[in-house]
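Numbering (this note's numbering), first residue to last: -1 to 536.
Right under this line is the structure:
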């Protein structure tokens, strides 16, 4: 273990001399000491020493130096690594030393008076705010004063004085007050020119008062008045009013008439005579307006009435011939009823599109008088023939139904077959009733069709409305879920197990509720699949 002995501590600050160009004092403290081993032998070589300063609270400064030790003696400049300039040296400091990272040796060393001479550097150049009261032999040191700091007179050149300084008698040295005091009444002599408006009352000779100076009162010379704001005139205005600008509230149109012969936008009026507007104007109506008629003529639009939105886009209009056209939709509210003042809506020509015609909530009906001949033709854009009728599914645009001008009907197609006797072309299956019923209007019977396919084991494969019993080798009984009114003759077609295999089927028995069939393979009864069709009366 090593021990440390302090030989001397010297503060190297230099002399404090007041001069025109003083040298700055150093920011270091010279410290000398002796370092020995635990047995007292002096240390020689390079050693890392850590120096720390403490005040009454804790550590305020520290640095580590690589120190050359000769026969135990060493000398360092504290502050070479970490500056001491920020320490105020206004408290009692102690110095602690640690060798090569060991614990700090005890006890710490108290600093003498010399290091506190750092505080004396302020005496060489007093900075702003350091001295706040007192008198100063050299006034050149004063750069600013705040508050009531001057009790005597300020002599010399005051041109560089800025801010607000309370002065007496206008700062002229006169014993009388010869400046404008805003807090007391004064008599002002001489011509005064003001760059802005003076408010309040002015008495005396005001022969050269400029525009806007007078704001109220009466004026002997009306030529001085160039503008008036607010309600300033209580009598009549006589003479030429051509130069009056702005808004002036006047009675009866300013014509001298005892009646109101101008448009008053705030009251109801009857306007006589033709009124011509030289440019297109916008008329905005409140929600309680019940009627409106607009006519155009001359260079204006030939339409009798137009409806436009805020972007001036034409939405609807009535032309000179009384035709009404609109680009948007007509929506009927409440009970979806629409009335044009008559019991029916009559069109010579009607154009719909590109939107759709919808009848909502209630059933849509088209009533045609029996005492008249009516022809209804619907031409669908894109249809091969004008005057045709076409229904399409909303989703996907699949053709649902089409009727051509010559009476051909297509279901599932827009172009039904065009054979000589073709009248109905169905693209898809036709389902008759829930059990295959077929009924011809005006006939004496209600026919039902039952069809199916059975495999060789007697299991139904196709069709509904029947069951199968296996009676023996290649013998099957087809039982109807709903019996016919009379025994119906079936048509049976066997399905061979191999190509070109000879097979046959024979009906063995008939009844209202079933039939029995036997299948043959090469002339011998055998299990075969088969199809059948039964048509009979319900």
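Yeah, the Cβ is synthetic: ideal placement off N, Cα and C, and Gly gets one too. Quantities reported herein were computed from a predicted structural model and do not represent experimental measurements.
When you compare only the Cα positions, how much space is there between residue 425 and residue 409?
Those two C-alpha atoms are separated by around 6 Å.
Alpha-carbon spacing of residue 29 relative to residue 80, whole angstroms:
Residue 29 and residue 80 have their C-alpha atoms spaced approximately 15 Å apart.
Going by Cα to Cα distance, which pick from 495, 473, 527 and 310 is closest to residue 513?
Closest option to residue 513, judged by alpha-carbon separation, among 495, 473, 527 and 310: 473.
Straight-line gap, residue 331 to residue 303 (C-alpha atoms, nearest Å)
The predicted model places residue 331 with a pLDDT of 48, which falls under 50 and marks its position as unreliable, so this point remains unresolved.
Compute the Euclidean distance between the alpha carbons of residue 178 and residue 187, then round it to the nearest angstrom.
Going from the Cα of residue 178 to the Cα of residue 187 covers about 11 Å.
Spatial distance of residue 181 from residue 24 (CA atoms):
C-alpha of residue 181 to C-alpha of residue 24: approximately 59 Å in a straight line.
Which value, in whole angstroms, describes the spacing of the CA atoms of residue 51 and residue 90?
It is roughly 10 Å from the alpha-carbon of residue 51 to the alpha-carbon of residue 90.
Using beta-carbon positions only, say whether residue 535 and residue 493 come within less than 8 Å of one another.
No. Outside cutoff.
At the level of alpha carbons, what is the spacing between residue 83 and residue 103?
Going from the Cα of residue 83 to the Cα of residue 103 covers about 26 Å.
With a threshold of 6 Å on Cβ separation, who are the neighbours of residue 532 within its own chain once the five nearest residues in sequence on each side are excluded?
The residues are 448, 486 and 488.
Determine which residues share a DSSP beta bridge with residue 177 and list them.
For residue 177, which the question treats as bridged, DSSP gives no partner whatsoever.
Reference residue 507, options 515, 101 and 319, closest by Cα
The residue from 515, 101 and 319 with its alpha-carbon nearest to that of residue 507 is 515.
Do you know offhand how far residue 56's Cα is from residue 77's?
Going by the C-alpha atoms only, they are around 18 Å apart.
Would you say residue 465 and residue 457 are within 8 Å of each other, going by their C-beta atoms?
Between residue 465 and residue 457, the C-beta gap is not smaller than 8 Å, which leaves the two residues out of contact.
With a floor of 3 residues, list each beta strand (DSSP E) that falls wholly inside the stretch 36 to 113, ordered by position along the chain.
If we require 3 residues or more, the beta strand (DSSP E) runs fully inside the stretch 36 to 113 come out as 43 to 52, 57 to 67, 71 to 76 and 92 to 97.
Can you round the beta-carbon distance between residue 32 and residue 71 to whole angstroms, since I take them to be within the 8 Å contact cut?
Going by Cβ atoms, the distance from residue 32 to residue 71 rounds to 6 Å, so yes, they are a contact pair.
Cα-Cα, which of 99, 499 and 87 is closest to residue 110?
Among 99, 499 and 87, the Cα nearest to that of residue 110 is on 87.
Alpha carbon to alpha carbon, what distance is there between residue 495 and residue 525?
The C-alpha of residue 495 is placed about 10 Å away from the C-alpha of residue 525.
When burial is assigned at 16 or more other CB atoms within 10 Å of the CB, is residue 450 buried or exposed?
Label assigned to residue 450: buried.
Let me know if residue 530 comes out buried or exposed under the rule of 16 or more other beta-carbons within 10 Å of its beta-carbon.
Residue environment: residue 530 is assigned as buried (16 or more neighbouring CB atoms within 10 Å of its CB, all protein chains considered).
Closest to residue 317 by CA distance: which of 444, 301 and 305 is it?
For residue 317, the nearest C-alpha among the options comes from 301.
Residue 377 to residue 428, Cα distance in whole Å?
Note that residue 377 scores 49 on pLDDT, short of 50, meaning its location in the model is unreliable; the coordinates nonetheless yield the value given after this. Taking the straight line joining both Cα atoms gives about 28 Å.
Looking only at C-alpha atoms, which of 58, 85, 34 and 444 sits nearest to residue 482?
The residue among 58, 85, 34 and 444 with its C-alpha nearest the C-alpha of residue 482 is 444.
Measure the alpha-carbon distance for residue 313 versus residue 321 and round it to whole angstroms.
About 14 Å.
Less than 8 Å between the CB atoms is what I'm expecting for residue 404 and residue 415, so what's the real figure, rounded?
The pair is not a contact, with the Cβ atoms about 12 Å apart (cut-off 8 Å).
Name the one or two DSSP bridge partners that residue 304 has.
Beta-bridge pairing links residue 304 to 315.
Let me make sure I understand the geometry here. Which of 308, 67 and 518 has the alpha-carbon closest to that of residue 35?
Of the candidates 308, 67 and 518, the one whose C-alpha sits nearest the C-alpha of residue 35 is 67.
Please return the same chain residues whose Cβ sits closer than 8 Å to the Cβ of residue 491, not counting the five positions on each side in sequence.
Contacts found: 503, 528, 529 and 530.
How far does the beta strand (DSSP E) with residue 444 in it extend, from its first residue to its last?
Per DSSP, residue 444 belongs to the beta strand (DSSP E) from 444 to 452.
Between the Cα of residue 511 and the Cα atoms of 108, 60, 455 and 463, which residue gives the shortest distance?
Nearest of 108, 60, 455 and 463 to residue 511, Cα basis: 463.
How would you call residue 406, buried or exposed, if buried means at least 16 neighbouring beta carbons within 10 angstroms?
Residue 406 counts as buried, since at least 16 other C-beta atoms from the protein chains shown sit within 10 angstroms of its C-beta.
Closest to residue 59 by C-alpha separation, out of 319, 42, 26 and 41, would be which residue?
Taking only the C-alpha atoms, the option nearest residue 59 is 26.
Among 267, 461 and 454, the one whose alpha carbon lies nearest that of residue 468:
If we check each option's Cα against that of residue 468, 454 comes out closest.
Could you spell out where the beta strand (DSSP E) holding residue 535 opens and where it closes?
Here the beta strand (DSSP E) through residue 535 covers 527 to 535.
Proximity below 8 Å, CB of residue 44 to CB of residue 64
Closer than 8 Å, so yes.
Consult DSSP for residue 398 and reduce its assignment to one of helix, strand or coil.
DSSP, read as helix, strand or coil, puts residue 398 in strand.
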